[in-house]
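*Asks:* For the sequence shown, our numbering gives the first residue as 775, with consecutive numbering after it. Glycine included, C-beta positions come from ideal geometry on N, C-alpha and C. Take this structure first; my questions come after.
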Amino acid sequence: MIVAHADLVRSVALRISMRIPQSVSLDELMSAGSLGLMDAVDKFDPEKDVKFRTYAQFRIKGAILDELRSLDWFSRSLRKKAQDVEKALAGVERALGRPAEESEVAEAMGLSLEAYQDVLAEIHSAALLNLDASIRGADKDRDSGKSFQDQLTGPDNPEDRFAEEEMKARMAKVIAGLSEKEQLVLSLYYFEDLTLKEIGEVLDRTESRVCQIHSAALVKMRTRLRGAEMDV
775 MIVAHADLVR SVALRISMRI PQSVSLDELM SAGSLGLMDA VDKFDPEKDV
825 KFRTYAQFRI KGAILDELRS LDWFSRSLRK KAQDVEKALA GVERALGRPA
875 EESEVAEAMG LSLEAYQDVL AEIHSAALLN LDASIRGADK DRDSGKSFQD
925 QLTGPDNPED RFAEEEMKAR MAKVIAGLSE KEQLVLSLYY FEDLTLKEIG
975 EVLDRTESRV CQIHSAALVK MRTRLRGAEM DV
């Protein structure tokens, strides 16, 4: 099964490599992804209503994201920019009591709309990893060191099932609060498996603009997931 699905490792690694600095080699990503594939083979339950290829792709991507996080290759300045965007977004939405527009967040940060959108493109990869970190923290045990992959639960424990359904409900609520354009980009990217360039062709937008929309959606999801945790 590992040999038969080895192409998945390269495919996922290539897609992720397009969004990160060149200092991280494709070999490193594929090495981490291979471990994810082996983990998928070990843990896959054929009785569940899911194809192995779909499950393996999820595990491979999770393993690569965990490896990137452990490498800590984000610069301090980039990490601060991501935090500044999240802080401004949360502040605007608290003040207005509704989802914030890009122009409103830009104004809160003292930036022009164009400059704010440039920041969104710059923090794109950081937003992706930070979103996964927010999901991992849903159990409130932020020091556990567990990845989102590690916390995938089985069907035999009622507490596990409840936690999984609660997480799905939270994610669904957060996604429903995004704009139609943001939801469409997420759908095409994660479910239709299109690249940012391909999504741009579908929406008649530049790849850079699609990157900005995707990043904005991820930042909103992270900010609102954290807000939901504080409300619990």
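(1) Reducing DSSP to helix, strand and coil, say where L894 ends up.
(2) Could you compute how far the alpha carbon of L788 sits from the alpha carbon of L800?
(3) For M775, count neighbouring C-beta atoms within 10 Å of its own C-beta (all shown protein chains included) and say buried if the count is 16 or more, exposed if not.
(4) Does the pairing of the stretch 848-865 with the stretch 826-835 give three or more beta-carbon distances under 8 Å?
(5) Buried or exposed: which applies to G807, given that a residue is buried once 16 or more other Cβ atoms fall within 10 Å of its Cβ?
(6) Short of 6 Å in beta carbon distance, which residues of its chain neighbour A880, apart from the five on each side in sequence? Order them along the chain.
(7) Would you mind giving the Cβ-Cβ distance between A780 and D813, rounded to the nearest angstrom? I have them listed as a contact below 8 Å.
(8) Hey, how far is the Cα of L782 from the Cα of L811?
(9) By Cβ distance below 7 Å, which residues in the same chain neighbour D915 in space, the five residues on each side in sequence not counted?
(10) What first and last residue would you give for the alpha helix (DSSP H) that runs through R853?
(11) Quick check on the DSSP output: what are the complete alpha helix (DSSP H) runs of length 4 or more inside the stretch 777-834, in order along the chain?
(12) Taking the CB atoms as reference points, tell me whether R996 and E867 lie closer together than 9 Å.
(13) In chain order, what residues of the same chain lie with their CB nearer than 8 Å to the CB of D968, ignoring the 5 residues before and after it?
(14) When you compare only the Cα positions, how much space is there between V824 and S785?
(15) Taking 9 Å as the threshold (C-beta atoms), are A895 and L952 in contact?
(16) Tell me the residue span of the alpha helix (DSSP H) that contains A882.
(17) Please say whether L999 and M945 have beta carbons closer to each other than 9 Å?
(18) When the Cα atoms are used, what is the spatial distance from K971 to Q957?
(19) Identify, in the order they occur along the chain, each residue of the same chain with its Cβ nearer than 8 Å to the Cβ of I897, setting aside the five sequence neighbours on each side.
(20) Tell me, please, whether the CB atom of A874 is closer than 9 Å to any CB atom in chain D?
(21) Any chance you could list the beta strand (DSSP E) runs of at least 3 consecutive residues sitting entirely within the stretch 949-974, in chain order?
(22) Does the Cβ-Cβ distance between M791 and L803 come in under 9 Å?
(23) Is it buried or exposed for L842, if we count other Cβ within 10 angstroms and need 16 for buried?
(24) Cβ atoms of L870 and E878: under 9 Å apart, would you say?
*Replies:* Once the coordinates are examined:
(1) Under the three-state reduction of DSSP output, L894 falls in the helix class.
(2) Distance between the alpha carbons of L788 and L800: 7 Å.
(3) Around the Cβ of M775, a 10 Å sphere holds fewer than 16 other Cβ atoms; the residue is exposed.
(4) The stretch 848-865 vs the stretch 826-835: no contact.
(5) So G807 ends up on the buried side.
(6) Excluding its 5 nearest sequence neighbours in each direction, A880 has C-beta neighbours in its own chain below 6 Å: L887 and Y890, listed in chain order.
(7) About 14 Å separates the Cβ atoms of A780 and D813, ruling out a contact at the 8 Å cut-off.
(8) Going by the C-alpha atoms only, they are around 8 Å apart.
(9) Low per-residue confidence applies at D915: pLDDT is 43, beneath 50, and the placement is therefore not dependable enough to give any value.
(10) Its alpha helix (DSSP H) spans residues R850 to L870.
(11) If we require 4 residues or more, the alpha helix (DSSP H) runs fully inside the stretch 777-834 come out as 780-791 and 800-817.
(12) The answer is no: Cβ separation not under 9 Å.
(13) Strictly speaking, residue 968 in this sequence is Leu, with Asp absent from that position. Within the same chain, L968 has close Cβ partners L962 and V976.
(14) Each residue's alpha carbon lies about 20 Å from the other.
(15) Contact: no.
(16) Per DSSP, A882 is one residue of the alpha helix (DSSP H) stretching across E876 to A882.
(17) Their beta carbons are under 9 Å apart, which means M945 touches L999 by this criterion.
(18) Rounded to whole angstroms, K971 and Q957 show a C-alpha spacing of 17 Å.
(19) The residues L852, K855, A856, V859, S989 and V993, in chain order, have a CB closer than 8 Å to that of I897 in the same chain once the five nearest residues on each side in sequence are set aside.
(20) Of the protein chains in this structure there is only one, and it is not chain D.
(21) Complete beta strand (DSSP E) runs here, min 3: none at all.
(22) Looking at the sequence itself, residue 791 is Ser, so the reference to Met does not match. One thing to note: S791 has its Cβ within 9 Å of the Cβ of L803.
(23) L842 comes out buried.
(24) With a cutoff of 9 Å on beta-carbon distance, E878 and L870 are scored as near each other.
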